[in-house]
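What follows is a single structure, written as structure tokens, with notes after it.
Numbering (this note's numbering), first residue to last: 13 to 122.
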């Protein structure tokens, strides 16, 4: 079972920290968001920056969150040699997915 956690970018007066990680509290009426981070308590964060941990890590053991962008890099002899595809992690229909960035079809990148 994956760990449930969130991250969010702090509002202006916490500008020395890039992200806060922990449980998220979202107030949909007032559009306020808070991350409960151990040692910092409830930290106000920017609403649009809140994203959920996917439970997956990249090749460098870095956690992947909703909204992250990653690359797929491989060599294809049939076409142009080296192929680099970029994807954004999205949450859709109850699952985390990789949405292609800059791809006009399922087969060929721009």
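Virtual Cβ for every residue (Gly too), placed ideally from N, Cα, C.
Do you know offhand how far residue i's Cα is from residue j's?
| i | j | result |
| --- | --- | --- |
| residue 60 | residue 79 | 11 Å |
| residue 14 | residue 42 | 30 Å |
| residue 107 | residue 16 | 14 Å |
Report the three-state DSSP secondary structure of residue i (helix, strand or coil).
| i | result |
| --- | --- |
| residue 90 | coil |
| residue 64 | strand |
| residue 24 | helix |
| residue 50 | coil |
| residue 109 | strand |
| residue 14 | coil |
Per DSSP, what are the beta-bridge partners of residue i in this structure?
| i | result |
| --- | --- |
| residue 19 | 33 and 63 |
| residue 38 | 45 |
| residue 75 | 69 |
Nearest by alpha-carbon distance to residue i: which of the options is it?
| i | options | result |
| --- | --- | --- |
| residue 52 | 32, 87 and 108 | 32 |
| residue 114 | 106, 83, 105 and 104 | 83 |
Requested in this report: Decide if the segment 90-103 is in contact with the segment 46-59; the criterion is three or more beta carbon pairs, one per stretch, under 8 Å apart.
Outcome: no
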